[in-house]
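All remarks here apply to the structure that follows.
Residue numbers (this note's numbering): -17 to 63.
Structure follows, in structure tokens:
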């Protein structure tokens, strides 16, 4: 019984290894899908424009997972000379 289980497990592992070789983009696709589904919940960017449509300020905020509060991460002020 142990021999059959060992052979089955080995066969399944080798099948996954061979499949992973055929699908080199699998991990990238998985990560991209995770980002698409979860990233907007943890990062948001707000841009401010002047009346001419020029970008004057960009604020990126990150959600603190412990307190569930949005915190400024990066503030870029484009009006400084």
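Glycine is no exception: its CB is placed at the ideal position from the N, C-alpha and C atoms.
CB contact flag (residue i, residue j, <7 Å)
{"i": "residue 42", "j": "residue 27", "result": "yes"}
{"i": "residue 30", "j": "residue 39", "result": "yes"}
Bridge-paired residues (DSSP) for residue i
{"i": "residue 28", "result": "41"}
{"i": "residue 53", "result": "44"}
{"i": "residue -6", "result": "Partner(s): none; residue -6 has no beta bridge."}
Chain-order list of residues whose beta-carbon lies under 8 Å from that of residue i (same chain, five-residue window excluded)
{"i": "residue -10", "result": "none"}
Chain-order list of residues whose beta-carbon lies under 6 Å from that of residue i (same chain, five-residue window excluded)
{"i": "residue 45", "result": "24, 52"}
Test: residue i CB closer than 7 Å to a CB of chain C
{"i": "residue -10", "result": "Considering every chain present, this structure includes no chain C. It has just one protein chain."}
Close-in-space but distant-in-sequence residues of the same chain around residue i (CB under 7 Å, 5 per side omitted)
{"i": "residue 54", "result": "41, 43"}
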